[in-house]
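Participant: Sending over a structure as structure tokens; questions will come in a sec.
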Amino acid sequence: MNKSKRFFALLAYTIFIIFIFIQGESYGSALRQRAIAEFNMLPVMVYISLFPIFMGLLIAVPYFIHEMRKKGKWKFDWIKFIAIGIPSLYLTLFYPFYYVVPFSHYIYPIRFGLLNSQILFSLGGLVFGYLVLTSFYRVKEISDAFKSQV
């Protein structure tokens, strides 16, 4: 793919992501209004947790497509996933778990700082979603002829 085609493809993809983000925020706002009217916050809490993960997955799609086009064996970077993914998933799922799981206020030691910041939930979900796809990568297989020479 030449540079101009790549540029326009990435620009179109960016516009698509912005469109999805705007639609998602619009849906989230309507969901919040409905939750206030019905006194049921669980759908909002689930949405607040899952939408940033979905956006992170969308942002990582070009990388994943690039990796899919490579030849080789699929690998998974467990170190990156455990070191970055698990803490970011904790940040993302903290909010719904705090209100849904019984006695959760005793389990979570950093609850007070997290409950006051919506950006932490969104950032954690975005990072986790991005990390899920970028933890997969391909490694070129070494041919048997090359292995015997080494």
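Numbering of the sequence shown is given in this note's numbering, commencing with residue 13 and proceeding in unit increments.
Idealized CB from N, CA, C, for every residue including glycine.
Within 10 angstroms of the Cβ of residue 80, are there 16 or more other Cβ atoms? Answer buried if so, exposed if not.
Facilitator: That one is exposed.
Participant: Report the rounded CA-to-CA distance for residue 121 versus residue 93, giving the unit in angstroms.
Facilitator: In this predicted model, residue 121 has a pLDDT of only 49, less than 50, meaning its place in the structure is not dependable enough to derive any value.
Participant: Work out the CA separation of residue 62 and residue 104 for me, nearest whole Å.
Facilitator: Taking the straight line joining both Cα atoms gives about 8 Å.
Participant: Since residue 140 and residue 101 are thought to touch, with beta carbons under 8 Å apart, how far apart are those beta carbons, to the nearest angstrom?
Facilitator: With 8 Å as the limit, residue 140 and residue 101 qualify as a contact, their Cβ atoms being about 5 Å apart.
Participant: Where does residue 144 fall in DSSP's three states?
Facilitator: Helix, per DSSP.
Participant: Could you tell me whether the Cβ atoms of residue 150 and residue 85 are closer together than 9 Å?
Facilitator: In contact: residue 150 and residue 85 (Cβ atoms closer than 9 Å).
Participant: Taking just the CA atoms, how far does residue 23 sit from residue 98?
Facilitator: Taking the straight line from one Cα to the other gives about 31 Å.
Participant: Could you compute how far the alpha carbon of residue 60 sits from the alpha carbon of residue 29?
Facilitator: Their backbone Cα atoms lie some 17 Å apart in a straight line.
Participant: Can you tell me whether residue 26 is buried or exposed, with buried defined as 16 or more other CB within 10 angstroms of its CB?
Facilitator: So residue 26 ends up on the exposed side.
Participant: Determine the burial state of residue 18: buried for a count of at least 16 other Cβ atoms within 10 Å of its Cβ, exposed for fewer.
Facilitator: Under this definition residue 18 is an exposed residue.
Participant: Between 47, 89, 113, 135, which has its C-alpha nearest residue 144's C-alpha?
Facilitator: The residue with the shortest Cα to Cα distance from residue 144 is 89.
Participant: Quick check on residue 56: does DSSP put it in helix, strand or coil?
Facilitator: Residue 56: helix per DSSP, three-state reduction.
Participant: Could you work out which residue in 38, 83, 114 is closest to residue 11 when comparing CA atoms only?
Facilitator: Beyond the ends of the chain as shown, which are 13 and 162, falls residue 11; an answer cannot be given.
Participant: Taking 9 Å as the cut-off, decide whether the C-beta atoms of residue 142 and residue 40 are in contact.
Facilitator: Result no, Cβ atoms of residue 142 and residue 40 do not sit closer than 9 Å.
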